[in-house]
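Trainee: Starting off with a structure, shown below.
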């Protein structure tokens, strides 16, 4: 997704996660969002994991059971009308 085409969901993110090696290799004509190659999902320990595919490394792991009660529901975005 090009920087000038970002939608509402992009603006919901307060802090982006990127692979530090990808950031070192980032071409000058690209934004980190355009260069990143990540995947995410639930791993064998039932934790949410984010990986860098390009460098075959784990970036983040979240233990979902440690989130406060109601945290996921508190992240719901405000309803908007789209045409």
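Residue numbers (the working numbering): 65 to 147.
C-beta: ideal position from N, C-alpha, C; glycine also.
Pull up the CB-CB distance for residue 126 and residue 110, whole angstroms please, since I reckon it's below 8 Å.
Mentor: About 11 Å; that fails the 8 Å criterion.
Trainee: Strictly by DSSP, which residues pair up with residue 121?
Mentor: For residue 121, which the question treats as bridged, DSSP gives the partners 116.
Trainee: Tell me the rounded alpha-carbon separation between residue 89 and residue 80.
Mentor: Going by the C-alpha atoms only, they are around 17 Å apart.
Trainee: By DSSP's criteria, residue 103 is part of a beta bridge. Which residues make up the other side?
Mentor: Paired residues: 115.
Trainee: Can you check whether the CB of residue 114 is closer than 8 Å to the CB of residue 106?
Mentor: No, the Cβ-Cβ distance between residue 106 and residue 114 is not below 8 Å.
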